[in-house]
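Please read the structure below before turning to the comments.
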Amino acid sequence: MTSTDDITTDDKTTENKTTDDKTIVQSYFNSVGFDRWQRIYGDGEVNKVQLDIRVGHQQTVDTVLAWLEADGNAAALSICDAGCGVGSLSLPLAAMGAQVFSSDISEKMVEEAKTRAIAQFGHDQNPQFLVQDLEKLAGHYHTVICLDVLIHYPKEQVSQMLTHLSSLATDRLIISFAPKTLAYTVLKKIGDFFPGPSKATRAYLHPEAEIVAIFNSLGWTVGRTAMTKTRFYFSRLIEVKRVA
Ligand SMILES: C[S@@+](CC[C@H](N)C(=O)[O-])C[C@H]1O[C@@H](n2cnc3c(N)ncnc32)[C@H](O)[C@@H]1O
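Going by our numbering, the sequence shown opens with residue 12, and the numbers climb by one from there.
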């Protein structure tokens, strides 16, 4: 996922060149990023750009839910939602009867997700929540999902992350990323020219062929795919399954 409202300049990168992306992302989502994204992922008043991103993100979430509904076996699944944010996907998955394990590197996002779970279900037992870097997650899950997280990381780190997430999944992964196409590269460049005060993370676009090649090398084959595209939000969704 990306948006021109969510991108920093290269100055920021230079300034933070000794700090790794993960530390920057974690501290962003525990501070200004938390305030911004919990509003976007809520139902209160937001500005027009944020509303557009909210609508786009909801479409991505709805596509995943529609895939699982079509499969008809959600209640039999264990699902790891890595980088769960405020629980936008985890909560409806739990409502469908899946056993959901939700984690995020940001304590603030997990706290908000728990609050929302308690408001919806009266408890925070399913989903089960954990503050954890996705590369430190353990266990095995039927399905591992990671939505709109990879945009925060460069190619090498994405490769490491997918390798780790792959080791957790027994049957399937569903991930989203901001696709690197000519049009979106131009859009990103435009965003780079207009940095604003809340733009504290970098956005990385990834060519779909690179993501698919990583999965293929790990023994996965592409299943369903989808693209969500609004004015300021674009996200490519892919499902991969074990090669038969
Ligand atoms: C744009 S939000 C998307 C949240 C959620 N997946 C959704 O679609 O509603 C990105 C989330 O990824 C989390 N995140 C970033 N890097 C992470 C990492 N290394 N491990 C776990 N979570 C991470 C952030 O804290 C943030 O909550």
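Beta carbons are placed, not taken as given, at the ideal position from N, Cα and C, and that holds for glycine.
Selection from H175, E221, V155 and V111 that minimises the alpha carbon distance to E250:
V155
Under 9 Å between C-beta atoms of A106 and F132:
For A106 and F132, yes; Cβs fall inside 9 Å.
Rounded to whole angstroms, what's the CA-CA distance from A128 to H175? Just pull it up for me.
Here the alpha carbon of A128 sits roughly 27 Å from the alpha carbon of H175.
Per-residue DSSP class, three states only, for T241:
DSSP places T241 in coil when its eight states are reduced to three.
Buried/exposed call for A130, threshold 16 Cβ in 10 Å
If you draw a 10 Å sphere on the C-beta of A130, you find fewer than 16 other C-beta atoms in it, and that means exposed.
Helix, strand or coil for T192, going by three-state DSSP, please let me know.
coil
Do Y244 and ligand 1 come close, with the Cβ less than 8 Å from some heavy atom?
no
Can you give the Cα-Cα distance for S246 and C157, rounded to whole angstroms?
Their backbone Cα atoms lie some 12 Å apart in a straight line.
Among residues of its own chain, excluding the 5 on either side of K166, which ones have a beta-carbon nearer than 8 Å to its beta-carbon?
Same-chain partners within the cutoff: Y215, H217 and E221.
Measure the Cβ-Cβ separation of V97 and E123 and say whether it is below 9 Å.
Yes.
Taking A87 as the reference, give the member of V111, D73 and T74 with the closest Cα.
Checking every option, the nearest Cα to that of A87 belongs to V111.
Cβ-heavy atom distance between G96 and ligand 1 below 8 Å?
yes
What residues in its chain sit with their C-beta under 6 Å from that of I116, if we drop five residues either side in the sequence?
Q37 and D144
With DSSP as the reference, label G234 as helix, strand or coil.
strand
Nearest to I162 by CA position, among Y244, V72, R65 and G55, is which residue?
Closest in alpha carbon position to I162, among Y244, V72, R65 and G55, is Y244.
Between the Cα of S228 and those of D32, S178, H153 and M120, spot the shortest distance and give me the residue it belongs to.
S178
Span separating the alpha-carbon of T74 from that of A237
8 Å
S99 to A255 span [Cα, whole Å]
32 Å
Report the three-state DSSP secondary structure of G93 (helix, strand or coil).
The sequence shown places Ala at residue 93, rather than the Gly named in the question. It is a strand residue.
Option nearest V60 by Cα separation, candidates I185, R47 and I90:
R47
Roughly how many angstroms lie between the CA atoms of A109 and N137, to the nearest whole one?
8 Å
For R235 versus W78, is the C-beta spacing smaller than 9 Å?
yes
Below 8 Å, is the gap between the Cβ of E167 and the nearest heavy atom of ligand 1?
Within 8 Å of the C-beta of E167 there is not a single heavy atom belonging to ligand 1.
Terminal residues of the continuous alpha helix (DSSP H) containing V36?
Looking at the DSSP string, the run of the alpha helix (DSSP H) that includes V36 is D32 to F40.
Buried/exposed call for R183, threshold 16 Cβ in 10 Å
buried
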